[in-house]
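Novice: Quick one: this structure, given as structure tokens, is what I'll be asking you about.
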Amino acid sequence: MNTHVNPPARIGEPLSRVDGRLKVTGHARYAAEHPVADLLYGWVVSSSIAKGRITAIHEDAARAVAGVVEIITHKNRPDLAKADSAYQEQVAPPGKPFRALYDDEVQYSLQPVALVVAQDLETARYAASLIKVDYEAAKHNTDFRIAQGERFMPRRKRAAYQPPKNRGDVDTAFAEAAHQIAGTYHLATHVHNPMEMHATTVVWEGDERITVYDKTQGSQNTQTYLANVFGFKKENIRVLNPFVGGAFGSGLRPQYQAYLATMAAKMLERSVRLVMTRPQMFSHVHRPEALQAVSLATDSQGHLTGMRTEATTATSRFENYMETVVNWGLMAYACPNAEADYTIAPVDSYTPGDMRAPGAATGMTLFEIAMDEMAYEANVDPLEFRLINYSEKDAMHDTPYTSKALKEAYAEGAAKFGWDSRSMAPRSMRDGSELVGWGVATGMWDAMFQKTSARARLSANGDLLLETAASDIGTGTYTILAQIASDTLGIPVEQISVKIGDSDLPMSPIEGGSWTAASAGAAVEATCQSLGKKLFEAAQKVKNSPLADAKIDDVRFDYGRLLSKTDPDKSVSYGEAMAAAGEVSIEAEETVSSGISGMISQMRKSRNTHSAVFAEVKVDEELGVVRVTRVVCAVAAGRIINPKTARSQILGGVVMGIGMGLHEETFVDHRLGRIMNHDLAEYHVPANADIHDIEVIFVDEPDPEVTPMGVKGVGEIGIVGTAAAVANAIFHATGKRLRDLPITIDKILE
Amino acid sequence: MDHITGSQDLSAGTDLPGIPITLTINGRVRELSVAPWVTLLDLLRERLDLTGTKKGCDHGQCGACTVLVDGKRINSCLKLAVAYDGAEITTIEGLAQGEALHPLQQAFIDRDAFQCGYCTPGQICSGIGLMNEGRASTRDEVRELMSGNICRCGAYTNITDAVMDVLEKESVK
């Protein structure tokens, strides 16, 4: 009886990616790779000034090149929506969203000022090089430190922004403290740099209808945006993103290549492909530069008595981008007196945006360097210091967590790392000629849940089709959705097709915030359960059904059959059930949302992931070279659907955190207002040789309350705190307290 | 091995006639006419629909465009197609034998040596090129010699595991 059938996958198994074969054979197609007949190619001409007006565009030479079809500028662009609201998609912060080629105004360096459209890529690129633009430059400022003079708190806050909540009497706490520290910490501008450059292929279907292959984290967000901006009927735009070559937040807002490719397609009534160049990738979204001042105070035993944190992050002149930066330390640690303040400061650049753990990767990381300083000032082991100031509840909101297994993460991480054998004094550990340092830091992120829909169709041959408009940006969405359905309905993964990345599919939010596993996962589970109910009703219609007297709760779904839980011999195959019901397929669609009760419960309890990060560095003092030789990242993130893909998410976060800590930094020539190192040779993202051993631990953290499946999400937590663990390890190795990330060779040698 | 007779004119959009070249790509001989400024990468991606080879920077800085030319790994974005007349080129699409994956492709799946998958074809071609060079046998050597291929998803430890798996199997043989 069905012994030939592959076993279903179980939630919690390390299932290999179901889309793996497509990816290792080169058959997974990304935004610029979908074949289209009679395709035109775009090439963007970028501004050479940071601020001012375009006075003339000399395009005759470019137009004379054979194969050039059109040159689009603000002078001949098609009609566009007038109201800012049309350009404000789901993720836009308050302000006036940038509109490429809208008018003669230049707001940042490398802003698009013209789009060449030609019969092939090389012709478009060559013709673009012939376009000369005259400007009337205005005074700009791209220096974040100078912008401090203009810092402010906008009246209209960004929707996701959470203001800090002060407590106690901080001034008295500092006046009476046994020990205290104060420092100002800095984080350089951090650029997403997904490997796939932002790209869009717009297929002109005729009749004001387009199909758009876009590099986005949310097909439905891009669909709405393009409909609003260009006046298409929403149902006439279909956006697809079946494969996304990384994004880390850069694909949350539709980027200008989607807008410009659509503009050209509409104007020319032709299909158009547009890919950004790598330098252009540095000119749009990025994690903002940040300055954060932290003061901490303890009693003589090392109990925190006061904390004060003030941060400023950069924004553009035209939008007020904000992050939740200063709250994390106030939430994480027991401390009776705490206050925080947050402001933003405008520079003449493009608007920053969410990048892997926005706010936390900055604020918690910088705070955790201060925590290390405080531990040393109070002469307490840095791990012990975190434990004696541990808070079981969210200390800022004064609410319990749905779960917080951070203590277990500290313990398991420390044991795996061997923290016990650490000597406290800086410069006390060596390996040959190299100084060795061990550092620890805490990480924190939100566990979020978003309204999501899914649809499932089971065919008589046992094949299951799952559909939701979610995205897989490398996170493993395809795999975990297949796995959840497989476990819920007892169907082998080989018989399950997951269809995502298509705006026509049931509603799914943008992929971000680490909420996709919890949200799309719950939608798929609910849909499969609903489908199971229909199967059960059909199974009872089978003649002399062995399940005739059973209730739905008495059966389980496994190996393509409904089986009595008490007597597995009583069973009906899905095929038999469907035949009895006269159905060739059974379909179900469900929507999950936290609802009103969920919102109330969210106010009563805090929902967070936590991590304990341990790092070992080896420092060659003569050369200033730092190597991160070991990292252990112990994560408390509720239920883990797939430890293989979840582990990869943490590894990726840790690697990006090492980049933040040691390598990644934009250098701006403030006279030109332009990033000088806008390529992958001069902006160093970690390479294989930079990465040594990384251990990932998922601690047990059952949490039926946090989200329907007990899932918290793992996309961001891996980066939070990692750079602090590295910085703290460098202090331990060298005795140098470096408060400016990234800690590059010059700072070690200073 | 199949052979296309006649030549494809791939110099559309230009006034200049294309330059005739013959490339053997994944075992298939192709007689092509290519404008002299077309890179090998753009030839593969935009004209031959071999989009498995990726463009990550177009400057030879990221390795996403790595292909094998006569068994050696190169950055195809830095090479003009016309310079490869007569060469034998293997791209990611040419590694599997029918349904059977190349051992390194299978090792990448088993080790979860990718996330978004965009750098993956370049990583795999580079890994095979590395093994052909016979220069690496330890993890440290693999890490060093695979550093021309950037993975922003940060799958490096798994990539190294995958390459080591195949290297160790090969050395047993």
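Chains as they are written, first to last, in the working numbering: chain A, 1148 to 1897; chain B, 159 to 331. Note that the Cβ used here is the ideal one computed from N, Cα and C, for glycine as well.
1. Can you list, in chain order, the residues of its chain with a C-beta nearer than 8 Å to that of K327 (chain B)? Leave out the 5 residues immediately preceding and following it.
2. Between the alpha carbons of T1756 (chain A) and H1205 (chain A), how many angstroms are there, rounded?
3. Skipping 5 residues on each side, what residues in its chain have a beta carbon closer than 6 Å to that of A1870 (chain A)?
4. Once the 5 residues before and after G1296 (chain A) are set aside, which same chain residues still bring their CB inside 6 Å of it?
5. If I measure Cβ to Cβ from E1812 (chain A) and keep anything under 6 Å in the same chain, skipping five residues before and after, which residues do I get?
6. Of the residues A:L1169, A:T1663, A:K1243 and A:V1216, which one's Cα is nearest the Cα of I137 (chain B)?
7. I'd like to know whether the C-beta atoms of L288 (chain B) and V240 (chain B) end up nearer to each other than 8 Å.
8. Using 8 Å as the Cβ pair cut-off and three pairs as the minimum, do the segment 1539–1559 of chain A and the segment 1831–1849 of chain A touch?
9. Among A:G1167, A:K1765, A:P1341 and A:D1610, which has the Cα closest to the Cα of R1425 (chain A)?
10. When Cβ atoms are compared, which residues of the segment 208–226 of chain B fall closer than 8 Å to chain A?
11. Name the residues in the segment 1153–1186 of chain A whose C-beta lies less than 9 Å from a C-beta of chain B; which are they?
12. Checking contacts by CB at 8 Å: is L236 (chain B) closer than that to chain A?
13. By the 8 Å beta-carbon criterion, what residues does the segment 1787–1807 of chain A contribute toward chain B?
14. Measure how close the beta-carbons of G1668 (chain A) and I1787 (chain A) come, nearest whole angstrom, since I'm counting them as under 8 Å.
15. What is the DSSP secondary structure of V1671 (chain A), counted as helix, strand or coil?
16. Within the continuous beta strand (DSSP E) that includes V1191 (chain A), where are the two ends?
17. Note down the Cα distance separating K1698 (chain A) from S1633 (chain A), rounded to an integer number of angstroms.
18. Please classify E328 (chain B): does DSSP put it in a helix, a strand, or coil?
19. What residues in its chain sit with their C-beta under 8 Å from that of A1184 (chain A), if we drop five residues either side in the sequence?
20. May I ask you to report which of helix, strand or coil DSSP gives H1757 (chain A)?
21. Can you grab the Cα-Cα spacing for the pair A1522 (chain A) / G1449 (chain A), in whole Å?
22. Suppose contacts are defined by Cβ-Cβ distances below 8 Å. Is V1587 (chain A) in contact with A1759 (chain A) by that definition?
23. Distance check for D1495 (chain A) and D1567 (chain A), CA to CA, integer angstroms please.
24. Let me know if L1399 (chain A) comes out buried or exposed under the rule of 16 or more other beta-carbons within 10 Å of its beta-carbon.
25. Please confirm whether any heavy atom of the ligand ZN lies closer than 7 Å to the CB of V1359 (chain A).
26. Could you name the residues of the segment 230–263 of chain B whose beta carbon sits closer than 8 Å to any beta carbon of chain A, in the order they occur along the chain?
27. When the cut-off is 8 Å and only beta carbons count, does E1581 (chain A) lie next to chain B?
28. Could you pull the start and end residues of the beta strand (DSSP E) that A1487 (chain A) belongs to?
29. Step through the CB atoms of chain B and report whether any lies within less than 8 Å of the CB of T1756 (chain A).
30. Whole angstroms is fine: what's the gap from S1256 (chain A)'s alpha carbon to T1289 (chain A)'s?
31. Quick one: any contact between the segment 1299–1310 of chain A and the segment 1452–1469 of chain A, if contact means 3 or more CB pairs under 8 Å?
32. Just to confirm before moving on: does the CB-CB distance between V227 (chain B) and Y242 (chain B) stay below 8 Å?
33. Are three or more beta carbon pairs between the segment 1302–1309 of chain A and the segment 1236–1246 of chain A nearer than 8 Å?
34. List the residues of chain A that P118 (chain B) touches, going by C-beta distances under 9 Å, in chain order.
35. Looking at chain A, which residues of the segment 270–296 of chain B have a Cβ within less than 7 Å of any of its Cβ atoms?
36. Please state whether DSSP places H1810 (chain A) in a helix, a strand or coil.
Specialist: In brief:
1. Numbered from 1 along the second sequence, position 169 holds the residue referred to as residue 327 (chain B). So the qualifying residues of the chain are P261.
2. Numbered from its first residue, the first sequence carries residue 1756 (chain A) at position 609. Numbered from its first residue, the first sequence carries residue 1205 (chain A) at position 58. Annotation: T1756 (chain A) to H1205 (chain A) spans about 54 Å, alpha carbon to alpha carbon.
3. One-based indexing of the first sequence puts residue 1870 (chain A) at position 723. Within the same chain, A1870 (chain A) has close Cβ partners T1512, G1804, M1807, G1808 and L1888.
4. Sequence index remark: in the first sequence, residue 1296 (chain A) carries index 149 (1-based). Cβ neighbours of G1296 (chain A) beyond the five flanking positions: none.
5. Position 665 of the first sequence, counted from the first residue, corresponds to residue 1812 (chain A). Hits under 6 Å: A1335 and P1889.
6. Residue 137 (chain B) lies beyond the residue range present for chain B, which begins at 159 and ends at 331; the question has no answer from this structure.
7. Your numbering for residue 288 (chain B) matches position 130 in the second sequence. Your numbering for residue 240 (chain B) matches position 82 in the second sequence. Going by C-beta atoms, L288 (chain B) is not nearer than 8 Å to V240 (chain B).
8. In short, these stretches touch, since the Cβ pair count reaches three.
9. Looking up residue 1425 (chain A) in the first sequence gives position 278. Looking at the Cα atoms, A:P1341 is the closest of the given residues.
10. L208, T209, G210, T211, K212, K213, G214, C215, D216, H217, Q219, C220 and A222
11. Under the 9 Å Cβ criterion, the segment 1153–1186 of chain A contributes P1161, S1163, R1164, D1166, G1167, R1168, L1169, K1170, V1171, T1172, G1173, H1174, A1175, R1176, Y1177, A1179, E1180, H1181, P1182 and L1186.
12. Residue numbering aside, residue 236 (chain B) sits at position 78 when the second sequence is read from its first letter. Answer no: the Cβ-Cβ gap between L236 (chain B) and chain A never drops below 8 Å.
13. Within the segment 1787–1807 of chain A, those residues whose Cβ lies closer than 8 Å to any Cβ of chain B are, in chain order, K1791, T1792, R1794, S1795, Q1796, L1798, G1799, G1800, V1801, V1802 and M1803.
14. Taking the first sequence and counting its residues from 1, one reaches residue 1668 (chain A) at position 521. Taking the first sequence and counting its residues from 1, one reaches residue 1787 (chain A) at position 640. Between I1787 (chain A) and G1668 (chain A) the Cβ distance is about 11 Å, and since that is not below 8 Å, they are no contact.
15. Counting from one through the first sequence, the residue named residue 1671 (chain A) turns up at place 524. Correct three-state label for V1671 (chain A): helix.
16. Walking along the first sequence from the start, residue 1191 (chain A) turns up at place 44. Boundaries of the beta strand (DSSP E) around V1191 (chain A): L1186 to S1193.
17. Here residue 1698 (chain A) refers to the residue found at position 551 when the first sequence is read from its first residue. Here residue 1633 (chain A) refers to the residue found at position 486 when the first sequence is read from its first residue. Approximately 22 Å between the Cα atoms of the pair.
18. Your numbering for residue 328 (chain B) matches position 170 in the second sequence. Three-state result, E328 (chain B): helix.
19. Here residue 1184 (chain A) refers to the residue found at position 37 when the first sequence is read from its first residue. Only S1418 meet the Cβ criterion.
20. In the first sequence, the residue the question calls residue 1757 (chain A) occupies position 610. DSSP places H1757 (chain A) in strand when its eight states are reduced to three.
21. On the first sequence, position 375 is the one that residue 1522 (chain A) refers to. On the first sequence, position 302 is the one that residue 1449 (chain A) refers to. Approximately 7 Å between the Cα atoms of the pair.
22. The sequence position of residue 1587 (chain A) within the first sequence is 440, counting from 1. The sequence position of residue 1759 (chain A) within the first sequence is 612, counting from 1. Yes, they are a contact pair.
23. Locating residue 1567 (chain A) in the first sequence gives position 420, counting from the first residue. Locating residue 1495 (chain A) in the first sequence gives position 348, counting from the first residue. Using only the alpha carbons, I get a separation of about 49 Å.
24. By 1-based counting over the first sequence, the position of residue 1399 (chain A) is 252. That one is buried.
25. For the structure depicted, the ligand ZN is absent and the ligand set is empty, with no information on it obtainable.
26. Listed by position along the chain: T249, I250, E251, L253, A254, L259 and Q263.
27. The residue given as residue 1581 (chain A) occupies position 434 in the first sequence. It does not; no Cβ of chain B falls within 8 Å.
28. In the first sequence, residue 1487 (chain A) corresponds to position 340, counting from 1. Following the DSSP letters along the chain, one finds A1487 (chain A) inside the beta strand (DSSP E) bounded by residues N1484 to P1493.
29. What you label residue 1756 (chain A) is simply residue 609 of the first sequence in a count that begins at 1. Not closer than 8 Å to any Cβ of chain B, the Cβ of T1756 (chain A) fails to qualify, so no.
30. By one-based count along the first sequence, residue 1256 (chain A) stands at place 109. By one-based count along the first sequence, residue 1289 (chain A) stands at place 142. T1289 (chain A) has its alpha-carbon roughly 10 Å from the corresponding atom of S1256 (chain A).
31. yes
32. For this step, residue 227 (chain B) is matched to residue 69 along the second sequence. For this step, residue 242 (chain B) is matched to residue 84 along the second sequence. Cβ atoms of V227 (chain B) and Y242 (chain B): closer than 8 Å.
33. yes
34. Given a span of 159 to 331 for chain B in the structure shown, any question on residue 118 (chain B) remains unanswerable.
35. D270, F272, Q273, C274, G275, Y276, C277, T278, P279 and I282
36. Along the first sequence, read from residue 1 onward, the residue named residue 1810 (chain A) stands at position 663. In this structure, H1810 (chain A) counts as helix in the three-state DSSP scheme.
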